Amino acid sequence: MLPGGGIGPELMGYVKEVFRCGGIPVDFEVVQIDPISSGNDDLDYAITSIKRNGVAIKGNIETGSLDTEIISRNVALRNELDLYVNVLNCKSYPGIVSRHKNIDITIIRQNTEGEYAMLEHESVDGVVESMKIVTSENSERVARFAFNYARKHGKRKMTIVHKANIMKLSDGLFLETARRVGKDFPEIEHNDMIIDNCCMQLVSNPHQFDVMIMTNLYGTVVSNVICGLVGGAGLLSGKNYGDHYAIFEPGTRNTGTAIAGKNIANPIAMLNAAVDMLHHLGHKTHADILSSAIDKTLNVDGIHTPDLGGTHSSTDVVQNIIKYVMDATKSMKWF
Ligand code: ATP
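Sequential numbering of the sequence shown, starting at 13, is according to my numbering.
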């Protein structure tokens, strides 16, 4: 468990409380990462811990500093663990008022290269060069993951998002690779869309999308647009996968520093990350119990924090969820 900054520690406290009350069989090794330390001991320790455990649940680590010597700990973790894919399932909750109803879109994002290569330098005074790295190997890995994901989950359509009309080589390589991989999946229709048009289409007619695949920076922008469409930063979770490790976290990766300690942060995104983690660990029954408690709290009881237009506190939401989790786990038979 990497609590991160801002609201991360309080949200992790809720996760631990729900797990304890529901007897959910996961022990947490808590590792704090300092966002601005000059050394890398804490980062190395976190990486060793994740390698040992295979999995982590994570809050966002502040990366506001413009000091070029301080690299983003979030990006470093993803790169070191080769978590090359990020999956965000954006599904509307019927009990939450939003601009569009019944959205069900999956975003699959390349998670380790593109504009996040962190290769920037000032070549001469006032001129900065920033490299966007796109490789055929990583484009192919993420495209294969995306089409296999679509096949496994019975999805019918893949949209490849790019700006290859301007970035002809980098986005062109990503687009061509995804198109080529798509030929191995004839049952899944695929089209492509330029990122700017994609953002406009998303807010005006999101129902045309099913699974979307894109490079790193477009992925973070589009993820935030879609989270906004279904209810904001406090709801959805995101999954980071590589071939060996996985990290689960809130979908929009916000730190929420301004609302920390006020008992108003929405705990749902982090609890959904816990559901994802339980599924990944094979604890399907507990994952379903927690997921159903979240559904009932949001859709039936209408216990909503202020970001969703409600008046309830974070702890109101958590206590309501705990009530359902305890009811369900009490009636479980233990063998
Ligand atoms: P930071 O550097 O602090 O991470 P950011 O741009 O990534 O900045 P935040 O400011 O942390 O994002 O969050 C964006 C918005 O989403 C803020 O208005 C914040 O209050 C809100 N937000 C983020 N997480 C939650 C949450 N769990 N519950 C309610 N609001 C949230």
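The beta carbon of each residue, even a glycine, is placed where N, CA and C say it ideally should be. Since the model is a prediction, treat every value here as computed from it, not as a measurement.
Euclidean distance between Cα positions of residue i and residue j
i: L100; j: I120; result: 7 Å
i: V330; j: N278; result: 9 Å
i: V67; j: F40; result: 11 Å
i: A88; j: S343; result: 43 Å
i: Y336; j: L185; result: 49 Å
i: N98; j: T232; result: 10 Å
i: M427; j: S235; result: Residue coverage of the chain in this structure runs from 13 to 347, which leaves residue 427 outside it and unanswerable.
i: S84; j: G126; result: 15 Å
i: G321; j: K63; result: 40 Å
i: D183; j: M226; result: 9 Å
i: T147; j: Y96; result: 12 Å
i: A286; j: I69; result: 7 Å
i: D54; j: H324; result: 36 Å
i: M170; j: I207; result: 14 Å
i: T317; j: D196; result: 45 Å
i: L93; j: I200; result: 30 Å
i: V223; j: A272; result: 33 Å
i: T264; j: M130; result: 20 Å
i: Q220; j: V154; result: 22 Å
i: V193; j: I334; result: 44 Å
i: I45; j: I259; result: 15 Å
i: I276; j: R111; result: 23 Å
i: T348; j: N332; result: Not covered by the structure: residue 348. The range shown for the chain is 13 to 347.
i: Y253; j: H292; result: 10 Å
i: M338; j: V38; result: 16 Å
i: G16; j: D116; result: 29 Å
i: T124; j: N228; result: 7 Å
i: L241; j: D319; result: 13 Å
i: C210; j: Y230; result: 10 Å
i: I172; j: S151; result: 11 Å
i: V30; j: I315; result: 16 Å
Check: residue i C-beta below 7 Å from any heavy atom of the ligand ATP
i: A245; result: yes
i: A277; result: yes
i: A281; result: yes
i: A286; result: no
i: F306; result: The residue you asked about is not Phe; residue 306 is Ile in the sequence shown. Outside the cutoff, so no.
i: E74; result: yes
i: D79; result: no
i: N266; result: yes
i: I271; result: yes
i: D319; result: yes
i: I333; result: no
i: I19; result: yes
Residues bridged to residue i (per DSSP)
i: I120; result: V99 and I225
i: D171; result: According to the sequence shown, residue 171 is Thr rather than Asp. DSSP lists N203 and M224 as partners of T171.
i: S249; result: P262
i: I9; result: Outside the modelled stretch of the chain, which goes from 13 to 347, sits residue 9, for which no answer is possible.
i: E134; result: V140
i: L14; result: K70
Residue i, buried or exposed, once every other Cβ within 10 Å from all chains shown has been counted against 16
i: A299; result: buried
i: E22; result: buried
i: R396; result: Outside the shown range of the chain (13 to 347) lies residue 396, about which nothing can therefore be said.
i: Q122; result: buried
i: D137; result: exposed
i: Y57; result: exposed
i: I306; result: buried
i: L181; result: exposed
i: H167; result: Checking the sequence, you will find Lys at residue 167 rather than His. Label assigned to K167: buried.
i: V140; result: exposed
i: D255; result: exposed
i: E261; result: buried
i: K296; result: exposed
i: K251; result: buried
i: A190; result: buried
i: S216; result: exposed
i: K164; result: exposed
i: M24; result: buried
i: L14; result: buried
i: A270; result: exposed
i: P198; result: exposed
i: T267; result: buried
i: V27; result: buried
Chain B within 8 Å of residue i, Cβ atoms only
i: R90; result: The chain inventory of the structure shown lacks chain B, comprising one protein chain alone.
In chain order, which continuous runs of the alpha helix (DSSP H) of length 4 or greater are located wholly inside the stretch 260-321?
Counting whole runs of 4 or more residues, the stretch 260-321 contains the alpha helix (DSSP H) stretches 280-293 and 296-307.
May I have a chain-ordered list of the alpha helix (DSSP H) segments no shorter than 4 residues that lie completely inside the stretch 51-93?
Segments of the alpha helix (DSSP H) lying fully in the stretch 51-93: 53-65 and 85-92.
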